[in-house]
Amino acid sequence: MLQISFLRENSEFAVERLKVRGIDAAADIAHALELDKAVREAKTNFEAQKAEANKIAKSIGELFKTGKAEEANQLKARSSELKESSKTLQEQIANNQEALEKLLYTLPNLPSKQVPSGTNENDNEVVFEFGDIPYQNHKKVPHWEIATAKNLIDFELGNKVTGAGFPFYKGYGALYQRALINFFLTEATKVGYTEYQAPLLVNEDSGFGTGQLPDKEGQMYHVTEDNLYLIPTAEVPITNIFRNNILTEMDLPIKSTGYTPCFRREAGSYGKDVRGLNRLHQFDKVEIVQIAHPSKSYEILEDMLSHSKLLLEKLGLKYRVLKLCGGDLGFTSALTYDLEVYSAAQEKWLEVSSVSNFENFQANRLKLRYKDADGNISLCHTLNGSALALPRVLAALLENYQSEEGIHIPEVLQPFMGISIIK
RNA sequence: GGAGAGGUGGCCGAGUGGUUGAAGGCGCACGCCUGGAAAGUGUGUAUACGUCAAAAGCGUAUCGAGGGUUCGAAUCCCUCUCUCUCCGCCA
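The numbering of the first sequence is my numbering, which starts it at 1340 and goes up by one.
Written out as C-alpha cells, the structure reads:
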C-alpha cells in the first residue's frame, strides 16, 4: 500500500505514475488527502483533550493521597466533560481513518520509471531473447500427448480424484518434477539463498501483508473452517517471515528460497490456454525472495532476473524476457519481468517466471523496516521471482527435447534423474 | 474433541487501580578501567502517530486483540484470539 506520508508530498507524481497503468487516480488521491487532513486535525484536538484529562486524573490521585477529597471531586466533573467531548472526536478519527485505509488499499503500486505504458499483454516489451530448439528436424508433439503416451502424467486420474487442473505425475514424470525442484533449489542455495520449507496455509494477516488480500480474495482457496488460505505462491509465507520486523541495515539483503506447491482457483480464466500443464489449480514452484535496502533493490532485481535466465539457459530452453507494461503490471509491483519459454509443439510462449520489485509497497503493509547506522528506521524493499514454476518448464522440456529416440533429458538434470532419455 | 495454565520491552521476569513506557536481570551500544582482553564500573537502550521548517522538546497511543467499568486500568469485568501442558485421536 502506498504511504500516506509519501502522497502528502508527491500527490501529483503519484497521479502521473498511475496513468502508466491506465488509471486516473486524481480524485481518489485528493480524497485520501482530505481524509488524512481531517484525521490529523481531529487527532490534534483529541490529543489535547486527552492530555488535559490525563493531567487531571493525575492530580486527583495526588489530592486523594493528601486527603483533599473535596477538591478532587470537583475535578472529576471537569474530567467527565472532557471524556464526553473527546468521544465524538474519537469516532470521527476512527471513521475517517477507516475510510482512508480502505481507499489506500484500492490504490495499486506506482510503476517505476522503466515501465512502458500500455493497456494489456500485447504492449509488453520484449527485452531479451535467447536459445534454440534442439532436435529441430524432428516433429514435436504437444506435451499432453507425449506425456500421456509415455505414461508420465495422468490428467484423467486427476479429474477423477480431484477435478480439472489437478494432474497426477507418475513414474518418470514424477521423477522429472522432483529433479527440477532439486535442481532449482540447488542452484538457489548455491548463490546464497536460504532454503525454507514453508506452511502451505497462511492466515489473513499474511495474505494481507503481501497484498493478496483483500484484492485477490477470490483467487485463493479459502479454508473457512479455520480461516486459512492455501498459498498461491511461496512468496506469501516466505515474505511474511519478516512481517513486523525491524532489521539491521547490515543484514540486508536477506535472500530466501523455498519450494512449495501453489494453489490457484483461476476463477474467470476457464477455457483459456488450459490444455495440459498450461494452467493448473495446483502446481509446483521454487520461489526466490529478497528483502533489500531501497537503494539496492533495482540492482537486485536484475540479479534475480539473471538467476532465472541462467536456469533456463542451463536447461537449454529457448526463452525471452518481457518487461511488463503498465496495464499488465500486477497490483503490488513497481516493475516486473516475465520470462517465457518457447514451446515447440504448441508454437507459443509460456510464462514460467515473474520477477518483481515491489519497492516498499508490500513492506508498508508488512511493517517490514530496517534501522540504519544513525538509528533511522525506513521501509525495506521486497522482491521475488519464480525460479522457476514447474509445469510449463516441464511442458517445454517434454516438447522441445523430442527426437526419434525419445525425450532427452537436459544434461544438468541427468545427475538428479539418473537417466538421459525417456524412451 | 475434553480439561487446565498462560500471553508484559530484543530475551527472561516483577507488577494488581493513581508520576508504571513499565522494577530487576540478561543481551546490545558507547565510555571509564586495562599493555590488550575478561572481570568490574558508568551511561544509554521500544514503536507508531501528532505538533515543529527541522532537531530537541512536548503530546497521544501501545503490557495478545477488541469492548466495558472508573476522574484514572498492565492491574477489575466481558468477548475474541493465540500459545503451552495433560487426556483422547492420529502421520
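In this text, a Cβ means the ideal position worked out from N, Cα and C, and glycines have one as well.
Here the structure is a predicted model, which means the values were calculated and not measured.
Asked                                                                                                                            : Found
Isoleucine 1630 vs leucine 1586 beta-carbon contact at 8 Å                                                                       : yes
Same chain, Cβ closer than 7 Å to aspartate 1612, neighbours up to 5 away in sequence not counted                                : Arg1618
The beta strand (DSSP E) enclosing isoleucine 1630, as first and last residue numbers                                            : 1621-1631
Bridge partner(s) assigned by DSSP for serine 1742                                                                               : Gly1745
Separation of glutamine 1429 from alanine 1438, as counted between CA atoms                                                      : 14 Å
Nearest-angstrom Cβ-Cβ length linking leucine 1819 and phenylalanine 1522, presumed shorter than 8 Å                             : Summary: the structure shown does not reach residue 1819, with the chain confined to residues 1340 through 1762, and so no result is reported for it.
As assigned by DSSP and simplified to three states, the class of histidine 1646                                                  : helix
Isoleucine 1485, enclosing alpha helix (DSSP H) - first and last residue                                                         : 1482-1488
Residue range of the unbroken alpha helix (DSSP H) whose run includes valine 1466                                                : Segment 1464-1469 is the beta strand (DSSP E) holding valine 1466; no alpha helix (DSSP H) there.
Opposing strand residues paired with proline 1600 [DSSP bridges]                                                                 : Asp1623
Unbroken alpha helix (DSSP H) run spanning tyrosine 1444, endpoints                                                              : 1408-1445
For histidine 1720, the first and last residue of its enclosing beta strand (DSSP E)                                             : 1720-1728
Coil, strand or helix - isoleucine 1472 by DSSP                                                                                  : coil
CB contact flag (leucine 1496, alanine 1364, <8 Å)                                                                               : no
Whether phenylalanine 1670 touches aspartate 1554 by CB criterion (8 Å)                                                          : yes
Start and end residues, beta strand (DSSP E) containing serine 1693                                                              : 1687-1696
Straight-line gap, methionine 1351 to glutamine 1342 (C-alpha atoms, nearest Å)                                                  : Residue 1351 is actually glutamate in this sequence, not methionine. Glutamate 1351 and glutamine 1342: Cα-Cα distance of roughly 14 Å.
Whole-angstrom distance between leucine 1514 and aspartate 1471, CA atom to CA atom                                              : 25 Å
Residues near threonine 1533 in its chain [Cβ-Cβ closer than 6 Å; skip 5 each side]                                              : Ser1595
Nearest neighbour of leucine 1616, chosen from Gln1536, Ser1636, Glu1564 and Thr1487 [CA to CA]                                  : Thr1487
Secondary structure of glutamate 1534, DSSP reduced to three states                                                              : strand
Backbone CA spacing between threonine 1458 and leucine 1540 [nearest angstrom]                                                   : 34 Å
Leucine 1737 - DSSP class collapsed to helix/strand/coil                                                                         : helix
Whole-angstrom distance between serine 1759 and lysine 1648, CA atom to CA atom                                                  : 23 Å
First through last residue of the beta strand (DSSP E) which encompasses aspartate 1677                                          : 1674-1682
Touching by the beta-carbon criterion (3+ pairs, under 8 Å), the segment 1375-1389 and the segment 1416-1435                     : yes
Identified DSSP bridge partners for leucine 1595                                                                                 : In the sequence on display, residue 1595 carries serine and not leucine. For serine 1595, which the question treats as bridged, DSSP gives the partners Thr1533 and Val1628.
Lysine 1762 - partner residues in DSSP beta bridges                                                                              : Looking at the DSSP assignment, lysine 1762 forms no beta bridge with any residue, so it has no partner.
Cut-off 7 Å between Cβ atoms - residues of its own chain near glycine 1510, not counting five sequence neighbours on either side : Asn1490 and Leu1491
Straight-line Cα distance separating leucine 1374 from glutamine 1436                                                            : 7 Å
One or two residues paired with leucine 1661 in a DSSP bridge                                                                    : Val1465 and Asp1677
Start-to-end residues for the alpha helix (DSSP H) that takes in leucine 1374                                                    : 1365-1404
Rounded Cβ spacing between aspartate 1623 and leucine 1689 (contact assumed at less than 8 Å)                                    : Between leucine 1689 and aspartate 1623 the Cβ distance is about 15 Å, and since that is not below 8 Å, they are no contact.
Contact the segment 1475-1487 vs the segment 1383-1401: 3+ CB pairs below 8 Å                                                    : no
Arginine 1708 beta carbon less than 8 Å from that of leucine 1722                                                                : no
Residue from Asn1739, His1720 and Ile1746 whose Cα sits closest to the Cα of asparagine 1448                                     : His1720
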